[in-house]
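Asks: Here it is, the structure in full.
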Ligand code: AMP
């Protein structure tokens, strides 16, 4: 059973690679960014609360996502594994997930860190055309990543659960490395 957490800066290709790997392994791809964007598009209560944060490149408050992730990981399609993309985004979310998985008796997660140089990230994000991919928001998201999300990498390396992968390569090569890493 594969339980995989995708880490890495915005623009590293987490979404693309997480989707490809989830298809190959036949497990759900759970992206908090996608969930929030869908909620915003559908104008749900969650979407209304999240919109200003997402537009500015800030993290939405933890309490908007914790119950949601807990429920999602307990749905039947997640019983044989899952890929988390965009969660955890700070150390408090990582601690929450750690406790949740302990309570669900799920051990053996693998956190993969997609490494891509900053200048490549900015070029990739500007090419995506997402609403929150303008210069100012990109700068803020990279800053938030360094301050709040990069410490999550240490959280998993301290628990011997981290694998780093060079994400600055053609898409198929990165997927191939990911396949090998999660199979090992
Ligand atoms: P992403 O698609 O992962 O780049 O996420 C897009 C935006 O959604 C981020 O810039 C945040 O505003 C918000 N977001 C996604 N995941 C989280 C999370 N785990 N915690 C807080 N905010 C999040």
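Residue numbers (the numbering used here): 8 to 191.
The C-beta atom is built at its ideal place from N, Cα and C for all residues, glycine as well.
Keep in mind that this is a model prediction, so the values were computed, not measured.
(1) In three-state DSSP terms, what is residue 119?
(2) Smallest Cα separation from residue 92: which of 175, 60, 17 and 170?
(3) Go through the segment 104-162 residue by residue and report every complete run of the alpha helix (DSSP H) that reaches 4 residues or more, in order.
(4) Under the assumption that residue 90 contacts residue 34 (Cβ atoms under 8 Å), give the Cβ distance between them as a whole number of angstroms.
(5) Which value, in whole angstroms, describes the spacing of the CA atoms of residue 186 and residue 172?
(6) Should residue 98 be counted as a contact of the ligand AMP given a C-beta to heavy atom distance under 7 Å?
(7) From the DSSP output, read off the bridge partner residues of residue 192.
(8) On the premise that residue 118 lies in contact with residue 168, defined as a C-beta separation below 8 Å, what is that separation, rounded to the nearest angstrom?
(9) Specify the secondary structure class of residue 91 as computed by DSSP and reduced to three states.
Replies: Short version:
(1) strand
(2) 17
(3) 125-135 and 142-151
(4) 6 Å
(5) 11 Å
(6) no
(7) As shown, the chain starts at 8 and ends at 191. That puts residue 192 outside it, with no answer to give.
(8) 5 Å
(9) strand
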